[in-house]
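Peer 1: Supplied in structure tokens, the structure appears directly below.
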Amino acid sequence: MSFTQQKEDKEIEEALVKDFQAGNLEAYDKIAELYQQKIYALSFNLMRNQMDAQDVTQEVLLTLFRKIHTFQGKSAFSSWVYRITLNASYMKLRSKKKEPNISIDELLPSFNSAGFQQEKIQDWSENTESLLFTNETREVINKAVGLLPEKEKVVFLLRDVEGLSTEKVSEVLDLTIPAVKSRLHRARLFLRKKLSSYFEEYNSQKGET
Amino acid sequence: MICCKECIDLLYDYIEGSLDQNTSKSLEEHFEECPPCIAFLNTYKSTTTLCRDTLNQIEIPDEVRRTLQSFLKEHKEENK
Ligand SMILES: [Zn+2]
Numbered sequence: 001m002s003f004t005q006q007k008e009d010k011e012i013e014e015a016l017v018k019d020f021q022a023g024n025l026e027a028y029d030k031i032a033e034l035y036q037q038k039i040y041a042l043s044f045n046l047m048r049n050q051m052d053a054q055d056v057t058q059e060v061l062l063t064l065f066r067k068i069h070t071f072q073g074k075s076a077f078s079s080w081v082y083r084i085t086l087n088a089s090y091m092k093l094r095s096k097k098k099e100p101n102i103s104i105d106e107l108l109p110s111f112n113s114a115g116f117q118q119e120k121i122q123d124w125s126e127n128t129e130s131l132l133f134t135n136e137t138r139e140v141i142n143k144a145v146g147l148l149p150e151k152e153k154v155v156f157l158l159r160d161v162e163g164l165s166t167e168k169v170s171e172v173l174d175l176t177i178p179a180v181k182s183r184l185h186r187a188r189l190f191l192r193k194k195l196s197s198y199f200e201e202y203n204s205q206k207g208e209t
Numbered sequence: 210m211i212c213c214k215e216c217i218d219l220l221y222d223y224i225e226g227s228l229d230q231n232t233s234k235s236l237e238e239h240f241e242e243c244p245p246c247i248a249f250l251n252t253y254k255s256t257t258t259l260c261r262d263t264l265n266q267i268e269i270p271d272e273v274r275r276t277l278q279s280f281l282k283e284h285k286e287e288n289k
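Written out as structure tokens, the structure is:
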């Protein structure tokens with residue numbers, strides 16, 4: 001998307017928010033239409049459950065409707081929507097049984113005392129094509145993302161999946177830029193490790209037959 | 210020469226292109242001497258792309274879309 005396009009979108013959105021704040025219900029419909037896909041995708045990726053994502057999307061759209069007068073424009077409107085979505089998703093997750101948290105550190109690469117890599121690293125990046133859209137790969141990826149600790153997961157979803165800028169993520173989550181970067185880096189390392197085990201196993205099986 | 214651990218700590222900024230020239234240069238020198246770190250770099254990048262392309266495909270299912278529509282309609286009428 002070009003810079004002018006982004007700027008135009010932002011202006012249209014601001015105008016819609018103002019109209020809705022002034023009581024225009026058609027403006028609300030447009031806002032709901034613009035955002036429901038984003039709200040649904042983010043909450044689905046956080047909770048991995050269609051029913052829960054539907055509940056959260058409903059709740060967020062209703063909150064937007066009821067609380068629009070409290071939005072003061074100090075941050076971007078989209079940041080406000082993302083924050084409401086995250087809060088609603090976390091409330092939902094908290095009411096469910098929690099899976100035990102695993103430590104992310106044990107999944108980071110291991111080094112010898114001089115700081116050099118200890119494990120063999122296989123470069124599977126060239127041969128993911130055939131595997132890319134199989135259900136099995138999708139399953140492995142979904143599971144790996146599901147295992148990410150919440151702090152890392154949310155940064156990863158907003159930045160790498162939704163494509164928000166680092167600055168925007170720091171606004172939504174109220175984190176410093178270095179904190180966003182370090183969480184994202186940890187998330188990527190964790191996921192890389194998980195995907196590596198899968199692809200390496202796949203490649204070695206293929207080599208045997 | 211920088212070690213692998215430092216190299217991996219720098220990957221994020223390297224991909225973003227936000228390293229200063231000197232650091233970037235010593236990182237590239239490390240890559241030349243260290244195939245495991247090149248493999249690491251490639252798979253680190255692939256991980257991001259693979260996960261994004263997979264999770265990006267979430268669409269609202271039609272039945273959910275319908276539920277949302279009637280839900281909103283109901284609530285707007287209440288608030289009229
Ligand atoms: Zn190395």
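Heads up: the sequence lines are chains A and B, in that order.
Start counting the first sequence at 1; every next residue gets the next number (our numbering).
Start counting the second sequence at 210; every next residue gets the next number (our numbering).
Positions of the beta carbon are idealized from the N, C-alpha and C atoms, including for glycine.
Between residue 209 of chain A and chain B, is any beta-carbon pair separated by less than 8 Å?
Peer 2: Here the question's residue 209 of chain A lines up with position 209 in the first sequence. Confidence in residue 209 of chain A is poor, its pLDDT being 49 and thus under 50, which makes the residue's placement too unreliable to answer from.
Peer 1: Does ligand 1 have a heavy atom nearer than 7 Å to the CB of residue 116 of chain A?
Peer 2: The residue labelled residue 116 of chain A in the question sits at position 116 within the first sequence. Yes; taking the cut-off as 7 Å, the Cβ of residue 116 of chain A has a heavy atom of ligand 1 nearer than that.
Peer 1: Taking the alpha helix (DSSP H) that residue 135 of chain A belongs to, which residues open and close that run?
Peer 2: On the first sequence, residue 135 of chain A is found 135 positions in, with the first residue counted as 1. Looking at the DSSP string, the run of the alpha helix (DSSP H) that includes residue 135 of chain A is 135-147.
Peer 1: Evaluate the contact criterion for the stretch 166-182 of chain A versus the stretch 69-80 of chain A: three or more CB pairs, one atom per stretch, below 8 Å.
Peer 2: Output reads yes: the stretch 69-80 of chain A touches the stretch 166-182 of chain A.
Peer 1: Tell me, which residues are paired with residue 111 of chain A by DSSP?
Peer 2: Here residue 111 of chain A refers to the residue found at position 111 when the first sequence is read from its first residue. Note: residue 111 of chain A sits in a beta bridge opposite A:117.
Peer 1: Starting from the Cα of residue 156 of chain A, find the closest Cα among A:18, A:40, A:46, A:23 and give me that residue.
Peer 2: Position 156 of the first sequence, counted from the start, is the residue given in the question as residue 156 of chain A. Closest by alpha carbon: A:46.
Peer 1: Within 8 Å (strictly less), CB to CB, does residue 70 of chain A reach chain B?
Peer 2: For the purposes of this step, residue 70 of chain A is taken as the residue at position 70 of the first sequence. Chain B contact via Cβ: absent.
Peer 1: Mind listing which residues of the stretch 144-155 of chain A have their C-beta closer than 7 Å to chain B's C-betas, in chain order?
Peer 2: 145
Peer 1: Assign residue 34 of chain A to one of three DSSP states: helix, strand, or coil.
Peer 2: What you label residue 34 of chain A is simply residue 34 of the first sequence in a count that begins at 1. Correct three-state label for residue 34 of chain A: helix.
Peer 1: Which same chain residues, not among the five before or five after residue 222 of chain B, have their C-beta less than 7 Å away from its C-beta?
Peer 2: Your numbering for residue 222 of chain B matches position 13 in the second sequence. Excluding residues within five positions, the ones whose Cβ falls inside 7 Å are 228.
Peer 1: Less than 8 Å between the C-beta atoms of residue 151 of chain A and residue 183 of chain A, yes or no?
Peer 2: Numbered from its first residue, the first sequence carries residue 151 of chain A at position 151. Numbered from its first residue, the first sequence carries residue 183 of chain A at position 183. Yes, these two residues count as a Cβ contact at 8 Å.
Peer 1: So within the stretch 48-107 of chain A, which uninterrupted alpha helix (DSSP H) runs reach at least 4 residues, ignoring any that extend past its ends?
Peer 2: Look at the stretch 48-107 of chain A and you find these whole runs of alpha helix (DSSP H), each 4 residues long or longer: 50-67, 77-94.
Peer 1: Check whether the Cβ of residue 176 of chain B lies closer than 7 Å to any heavy atom of ligand 1, and answer yes or no.
Peer 2: Look at the range of chain B in this structure, 210 to 289, and you will see that residue 176 of chain B is not part of it.
Peer 1: Would you check if there are 3 or more beta carbon pairs closer than 8 Å linking the stretch 231-240 of chain B to the stretch 111-125 of chain A?
Peer 2: no
Peer 1: List, in chain order, every chain A residue whose beta-carbon is nearer than 7 Å to that of residue 215 of chain B.
Peer 2: Residue mapping note: residue 215 of chain B aligns to position 6 of the second sequence, counting from 1. Within chain A, the residues near residue 215 of chain B are 115.
Peer 1: Please list the partners that residue 239 of chain B has in chain A, where partner means a Cβ-to-Cβ separation under 7 Å.
Peer 2: Taking the second sequence and counting its residues from 1, the one referred to as residue 239 of chain B is at position 30. Within chain A, no residue has its beta carbon less than 7 Å from that of residue 239 of chain B; the closest one is some 10 Å off.
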